[in-house]
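Let me begin by presenting the structure, written as structure tokens, before commenting on it.
Residue numbers (the numbering used here): 72 to 397.
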């Protein structure tokens, strides 16, 4: 089969019409990872009546225990279809072993470091090749964390990222028991024996997560831990990042609280940094939860239009209670 890219092998798995939208599903085999078996599924959504001229590209990154369905349902409801109907060229990757992306040979050892160093740059290169310009990136939870890691590690830059929006993403929350070495060691031992994290068993989502991601998080949060890997300090590298960035947090999100989401934003060296908190005190109808900030009916009415405005104008509307980092 002829590749859909001149960069690396890319197969077009399907091309379907979903009502007023066109859905193309690609499978990328970048070959840039130590594990040569890695393949990544990327779904593109666009308006069926605009196939001759694509809009501005937007890449949506799902979080942990999730897949492309976080962004759009089989009935084409979600932020992805909303943005596609607004004229954007929407791309939705699925991380290794999630959704349509098959599990690679070293699946259990997959880490955010692999996503940041290998997978996101490959996705960025493919989208830039297809769209002819840098994409805007939106990441939820672990998706936003992975994007921050790629930017802090300088694996992605202005040539691939027009702007970055991080929803419910943070890396600075203190888990004090993990600062005690015996607790961290025992947690590591238990995780290795589990062999993986079941989304259905933990009631976190439809997908499983490799144990490597959890072990990596232990390194971040342990005593003298840092947001980075053995080669690079991603946290320090964010100070060199210059792409426009938006951080969105929710008052009802107890997993990734607003203060810590803001702290991640303030580490960026970008000239344009905006922070938005979704809560009743800020004028919203409710204190949104971790997932509800993007997938609820209230989010459809109140949050999605703000996302569209950010993508179209590089900032949020003035009437919104937005805080700009100095």
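Yeah, the Cβ is synthetic: ideal placement off N, Cα and C, and Gly gets one too.
Cβ-Cβ separation between residue 236 and residue 319: approximately 7 Å, consistent with a contact (criterion under 8 Å).
Contact between residue 188 and residue 226 holds, since their C-beta atoms are separated by about 5 Å, short of 8 Å. Taking C-beta atoms as the reference points, residue 255 and residue 293 count as a pair closer than 9 Å.
The alpha-carbon of residue 200 is positioned some 23 Å away from that of residue 142. The beta-carbon distance between residue 218 and residue 258, rounded to whole angstroms, is 26 Å. This is too long to meet the 8 Å contact definition. Taken through DSSP and simplified to helix, strand or coil, residue 299 comes out as strand. Going by DSSP, residue 118 is part of the beta strand (DSSP E) stretching over 111–118.
Note on geometry: alpha-carbon atoms of residue 386 and residue 317 lie some 8 Å from one another.
If the five residues before and after residue 327 are omitted, its C-beta is found closer than 8 Å to the C-beta atoms of 212, 239, 240, 241, 244, 320, 361, all from its own chain and listed in chain order. DSSP, read as helix, strand or coil, puts residue 164 in strand. Under a 10 Å Cβ-count criterion, residue 194 is classified as buried, with 16 or more other Cβ atoms of the shown protein chains found around its own Cβ. Beyond the five residues adjoining it in sequence on each side, residue 157 comes within less than 6 Å, by CB distance, of 379 in the same chain, given in chain order. One thing to note: residue 129 has its Cβ within 9 Å of the Cβ of residue 162.
In the same chain as residue 114, and ignoring 5 residues on each side of it, the C-beta atoms closer than 6 Å to its own belong to 96, 139, 163, in chain order. Distance from the CA of residue 369 to the CA of residue 77, rounded to the nearest whole angstrom, comes to 42 Å. If you ignore the 5 residues before and after residue 381, its C-beta comes within less than 7 Å of the C-beta of 236, 317, 387, all in its own chain and listed in chain order. Cβ neighbours of residue 391 within its own chain (closer than 6 Å, five residues either side excluded): none.
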